[in-house]
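Numbering (the numbering used here), first residue to last: -2 to 300.
Okay, here's the thing in structure tokens:
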């Protein structure tokens, strides 16, 4: 661990409107805790240690504005390999994590004339954030939505992850698999994980260490297949496997099955949609509809 040398560089990203992501980060991150990304709720800022220009480098993304005039400000620490390639890497990583590529207007067009259109309008640009890698996505999925496992994951990141400090701020990457293995069941339980979660964390870390997890390209291109592979890991249930696959999916929330999406959408809207119905209407935006339905109780209202 140590400070990163060099000056920082600023990059502006202007997502296509409508764009909202802070409600997702507010709901699913513990402000100030490394998971391994750190989201600062008050500042609306995400910071992480990411592979930029061939080396791990502190990177932060500030949400300057959302809605119809969105603006993201990316700051990446400089280094010996700074240059056009490093700038491109930083912009690509920030755009990926912040789901800049999701075309929400296309989603609204596809839902027009259906009960899903009111859901699309009510959520107005909302989309989930992504993980930077498959291993990270699995660890997050195992702790998802539960404060105690999330705090345990934050403690695990602090104990086992590579990190760097810039002006007194820490930036973390994913936990080192060998360091996780060295903790063992009892060490993981001492951080706050249950027996079952500790066993699953060890299984996932062992798979990462052995290179048996799907590559990022494989998982992002075919998230449903990746979900089936993840579900074969001991302690990783179907829900966590689908969630992990969705966190690295090129199409929004793409790891979830059409059957699960149709069932949940129908429960909320009382529509009686079948899996074929929603796939025919939504195509690659099926997962986004499922995500918005799950988020709806605390989602944003019309702007």
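C-beta: ideal position from N, C-alpha, C; glycine also.
According to the neighbour-count rule (16 or more other Cβ atoms, all chains shown, within 10 Å of its Cβ), is residue 109 buried or exposed?
exposed
Roughly how many whole angstroms lie between the Cα atoms of residue 188 and residue 58?
CA-to-CA, the gap between residue 188 and residue 58 works out to about 29 Å.
Short check: CB of residue 100 to CB of residue 212, under 8 Å?
no
Which class does residue 97 belong to by DSSP, given the choice of helix, strand or coil?
coil
Under three-state DSSP, which class holds residue 30?
In the structure shown, residue 30 sits in coil (DSSP, three-state: anything other than H, G, I, E or B).
In this structure, does DSSP put residue 245 in helix, strand or coil?
coil
Quick check: the stretch 126 to 139 against the stretch 215 to 235, are there 3 or more CB pairs under 8 Å?
The count of Cβ pairs closer than 8 Å, one atom from the stretch 126 to 139 and one from the stretch 215 to 235, reaches three, so the stretches are in contact.
Alpha carbon to alpha carbon, what distance is there between residue 24 and residue 294?
Any reading at residue 294 must be qualified, since the residue scores a pLDDT of 44, below 50, and its modelled position is unreliable; the value itself is stated next. One C-alpha to the other measures close to 11 Å.
For the pair the stretch 245 to 254 and the stretch 283 to 290, tell me if three or more CB-CB distances fall below 8 Å.
yes
Confirm, please, whether the CB-CB distance from residue 53 to residue 46 is below 8 Å.
Closer than 8 Å, so yes.
Where do the N-terminal and C-terminal ends of the alpha helix (DSSP H) with residue 54 fall, by residue?
Careful: residue 54 lies outside any alpha helix (DSSP H), inside the beta strand (DSSP E) at 52 to 62.
With a cut-off of 8 Å, do at least 3 Cβ pairs link the stretch 24 to 40 to the stretch 146 to 160?
Three or more Cβ pairs drawn from the stretch 24 to 40 and the stretch 146 to 160 lie within less than 8 Å of each other, which places the two stretches in contact.
Return yes when the Cβ of residue 259 is within less than 8 Å of the Cβ of residue 239, no when it is not.
no
If residue 326 sits next to residue 8, beta carbons under 8 Å apart, how far is it from one beta carbon to the other, in whole angstroms?
As shown, the chain starts at -2 and ends at 300. That puts residue 326 outside it, with no answer to give.
So, residue 75 versus residue 166, is the Cβ gap smaller than 8 Å?
In this structure, residue 166 does not lie closer than 8 Å to residue 75 by Cβ.
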